[in-house]
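A short write-up of the structure that comes next.
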Amino acid sequence: MSWIRGGGCQALDHGQTIPEKRLVEAVNQEEYKYEVGDLPTEWEAWIRKRRKDPPTKEEILKNKIYREEIKVKITGASEKDSLLQTKEYEGLVAEPVQTQIKGHASSPYYGKNEPSPDPSSTAKTFQPGSWVPPDSSSRNK
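According to the working numbering, the residues represented by the sequence shown are 21 to 161, in order.
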């Protein structure tokens, strides 16, 4: 790409100044084929007057290589992060606990109803597991 016109402001006879016009001519490309990102950001900054001088080819090439290196580093870091997340997730996931279901869900249970250390569930009724304190003789030895 090369710039066609540029420069300072032009003064008229009446004391008015005309701001400079900055244009970029794309090599081997029709205007209707232009897509966002085709024009390097350095040229866009110069056109929009965010920088004083037009960019050099070396500067554009150096920045392009730098951007590609950053993309590679980002890809590597995201892969490493996803592996760490899966390992941490595997350590945090609890295995499903089997609840003991006595009888069919539609029929009542006619057995002895005593507390069980395991939780049990039948249809809409849920009975949590019970806790029995240890023997007092084994506690104070």
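Note that beta-carbon positions come from the ideal geometry of N, C-alpha and C, so glycine has one too.
Remember, it's a predicted structure, so these values are computed and weren't measured experimentally.
For the pair K41 and L81, the Cα-to-Cα distance works out to about 25 Å. Here the C-alpha atom of L59 lies approximately 48 Å from the C-alpha atom of L112. Pairing N83 with T106 gives a Cβ-Cβ distance that is not under 9 Å. Per DSSP, the unbroken alpha helix (DSSP H) holding G111 starts and ends at 77-112. Here D73 is near W66, since their CB atoms are less than 9 Å apart.
Our two residues, G96 and R87, have alpha carbons roughly 14 Å apart in a direct line. Under the three-state reduction of DSSP output, E45 falls in the strand class.
DSSP places E62 inside the alpha helix (DSSP H), whose first and last residues are 61-67. Our two residues, R71 and K93, have alpha carbons roughly 28 Å apart in a direct line.
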